[in-house]
Amino acid sequence: MSGFKTPYPDYHVLEKWDSPSWNDQTREAVRQRLDEVPPRRFLSEEQWSLLEAIVARLVPQPERAEPVPIVPWIDDTLHKNETPGYRYADMPPMREAWCRGLDAIAAETRNRHGKSFEQLSPEQQDALLSDVQHNRVDRQIWGDLPPGGFFLHHLLKQTVGIYYSHPDAWSEIGYGGPASPRGYARLGPDERDPWEAREVDVA
Amino acid sequence: MFQSRQPEPSHRPLVPVAIATVAAAAGIGWLLQRAWKPKGDRNHRAAQALGAGAAILCVSVALDSAIEHYRGEFKDKAMFVGPTMALLGLGAATYVAFRPERASDTLPKIALFAVGATGLAGLGFHSYNILKRPGELDALNLFYGAPMGAPAALTLAGLYGVIAGEMLSGRSYVKSRLSKHTAGLIAFSLMGTIAEAGLLHFRGSFQNPAMYLPVPIPPLAAISIGAAALSPRATAAAEPLLKATALLGIAGPMFHAYGIHRNMGGWKNWSQMILQGPPLPAPPAFLGIAAAGLGILPMLKEEQK
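Which chain is which? The protein sequence lines are A and B, in order. So the first sequence is numbered by the numbering used here: it starts at 43 and just counts up by one. So the second sequence is numbered by the numbering used here: it starts at 122 and just counts up by one.
Below, the structure is given as C-alpha cells:
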C-alpha cells in the first residue's frame, strides 16, 4: 500500500492539453473534472466526514498537497442518483445501500470503540474496514445489508474508479487519458508511440 | 433531436470529392505528359520511360518504407536498408531516365542490381515476419504483418532499370523478344500492385466507394499489355487503360489525403494518421508501372510491322 513510487515521475498527462492528442471536447471534459468539484448535496455532514476518513484508508494520498477529490464525486453520483443501471440482487438500491452502509460502519465503530471512526488510529481503521470486508460484524447493526458486498461493490469500486478518473492518477500510472482524437499507432507488445509516457528506473 | 447530433454522413461529400480528385489528377497527368519529352528512337524512349517508371517506384517505396519502418521503430537494424536502398534506386533510376545510354555502365548497373537484390532480400524478411506470427499465412497476418508488395516493387524498379540499359545494348534479342518479355513483366507488376491494393482496400472494407477504383482498372490494363505482348493490335486497348492506371497513381494520394481528413482528428492528428490512415506514398506505384508500360507500347506496336 504505502511505498508505492510511480515509475513516471517526469510524466504529466496535462501537458497533452494543447497537443494534437486532445481536442476541445476532451479538454472540456477534463476541465470540468478539475474545476467543477461538486459541493455536498446528498450525504449528511457526518456521513461525508466518515466517508472522507474511509477513503483516506482505501486510497491514501499522504504525498499529495491537493489530494484527488473522491467523496464529492460519490456524493454527486448519489445526488443525481446515477446508478450503474443495475442493482445487486442481495442489496437495496444504490442510495439506500450507501446510507445504510455508512451508518452501519459508524454504529459498528461506536459499538466497538466508543468513539467515531475518524478518531481511530489508522491501524484500528484498517482493522475495522477489514472486518466489514470479511463480514465479521454485528448482524444486528447491518440487518440484511451484506457488509462485504457493500465494501467491495460500492465503497471500494467507486473510490478506486473515481481516483483513477483524475489526471493526477493518470500521470502516476503513465496513462494517456482520453485517446481523443489522437489514439495509438504502435499497438504491439513493447511498442510505444512518441506521445506515450516513458517510465524511468525508480529502483 | 438525436438526428441533429449525428456526425456528418460519410457518403455526402464523396461524389464532389471523387470528381474533383480525378479531375485534378487528370490535369496533373496531362501536364506530366506535356512535360515528358523523350528523345531518340523507340528503344531510347522506352528506356527513358522504364527509368522514369523505376524512379517513381523508388520514390513510392522510399517514402512508404521510411514511414512504415519508422512506425516499427526500426526495431531491426535491417529496417534501415529498405528506405536507404530505395533512395539509391531513385538516384540510379533518375540517372537512367535522363541518360538511358549510360544505364549499362558499371556503376548504375551495380546500383540497380543491388536495389533489385535488396527487394528480394526484403521479400524474404517480410515473408519471415508474416510466417513467424501465430496463425502463419492467415488473412490477419497478411493484413497487419509486413507487406509483400513493397519490397517486390523495389525488385521491379531494379529490373526496369536494368532492362532500360538492355534496350540500348543492340543485342539481337532486344528486337525479337525484350519488349514482349518486358510487357509480361509489367503485366505481372500490375497484378502484384493490384493484389496489395485490393487486399488493403478489402481490409478497409471498401468503406469509400472510390476504394473500388484500383480493383477493375489496373487488372484490365495488365491483361491488355499482356495481350499486347502476344498481339500488337492489343496496344490500342492497352494505351487508354495504362493511362487510366497512371491516373489512379496520381489520384490515389489525393484520395488517401481525404481519407486521413476523414479519420479521427483529421489532419490535425497527422502524427497518428500518417501512420494509421491510408498510406499517402503507396498509390504512385501504379503511376510508375503504367509509365514503364506506356513507354514500351510503341516498341510492341512496331513488332507487327
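Note that the Cβ used here is the ideal one computed from N, Cα and C, for glycine as well. No experiment lies behind these values; they were computed from the predicted model shown.
* D197/B versus D52/A: straight-line alpha-carbon distance, rounded -> 29 Å
* With 9 Å set as the bound, which would you pick, yes or no: does the beta-carbon of Q328/B sit closer than that to a beta-carbon of chain A? -> no
* **Coarse secondary structure for W140/A, derived from DSSP in three states** => helix
* Partner residues on chain A for N262/B, Cβ-Cβ distance less than 9 Å -> Within chain A, no residue comes near N262/B; the closest Cβ sits about 13 Å away, beyond 9 Å.
* Asked: Name the residues in the region 380-412 of chain B whose C-beta lies less than 7 Å from a C-beta of chain D; which are they?
  -> In the structure shown, chain D cannot be found, because the protein chains are A and B.
* To do: Taking P353/B and K253/B to be in contact with their CB atoms under 8 Å, please state how far apart those CB atoms are, rounded to whole angstroms.
  => 47 Å between Cβ atoms; not a contact.
* Asked: Listing by chain order, which chain B residues have their CB less than 9 Å from the CB of G225/A?
  -> M385, G386, N390, Q393, Q397
* **Counted within 10 angstroms of its Cβ, other Cβ atoms place W184/A as buried (16 or more) or exposed** => buried
* To do: Please decide whether R69/A counts as near chain B, where near means a Cβ-Cβ distance under 9 Å.
  => no
* Asked: Using 9 Å as the limit for Cβ to Cβ distance, is E233/A near chain B?
  -> yes
* Asked: According to a CB-to-CB cut-off of less than 7 Å, which residues of the region 173-200 of chain B neighbour chain A?
  -> R192, E194
* For Q166/A, collect the residues of the same chain with a Cβ closer than 8 Å to its Cβ; drop the 5 residues on either side in sequence, then sort them by chain order. => H155
* Asked: What is the DSSP secondary structure of P223/A, counted as helix, strand or coil?
  -> strand
* To do: Please classify N164/B: is it buried, with 16 or more other beta-carbons within 10 angstroms of its beta-carbon, or exposed?
  => buried
* With L162/A and L100/A assumed to form a contact (beta carbons below 8 Å), what rounded beta-carbon distance in angstroms separates them? -> 15 Å between Cβ atoms; not a contact.
* Three-state class that DSSP yields for W64/A in the structure shown -> strand
* Asked: Once you ignore the five residues that flank V202/A on each side, which residues in its own chain have a CB closer than 8 Å to its CB?
  -> L100, V101
* To do: Note down, in chain order, every chain B residue with its Cβ under 8 Å from the Cβ of R99/A.
  => Chain B residues near R99/A: none, gap ~41 Å exceeds 8 Å.
* Assuming L415/B and L363/B form a contact by the criterion Cβ under 8 Å, report the distance between their Cβ atoms to the nearest whole angstrom. => 5 Å
* To do: Would you decide whether D243/A is buried or exposed? Buried here means 16 or more other CB atoms lie within 10 Å of its CB.
  => exposed
* To do: To the nearest angstrom, report how far apart G150/B and L368/B are at their CA atoms.
  => 6 Å
* is_contact[W237/A, chain B] using C-beta, thresh 9 Å -> yes
* Asked: How many whole angstroms separate the CB atoms of E160/A and S63/A, which I take to be in contact at a CB cut-off of 8 Å?
  -> Their Cβ separation, rounded to whole angstroms, is 41 Å, which puts E160/A and S63/A out of contact at 8 Å.
* Would you call G388/B buried or exposed, if buried means 16 or more other Cβ atoms sit within 10 Å of its Cβ? -> The sequence shown places Trp at residue 388/B, not Gly. Exposed is the call here.
* Asked: Excluding five sequence neighbours on each side, which residues of the same chain lie with their C-beta closer than 6 Å to the C-beta of G190/A?
  -> Q175, N177
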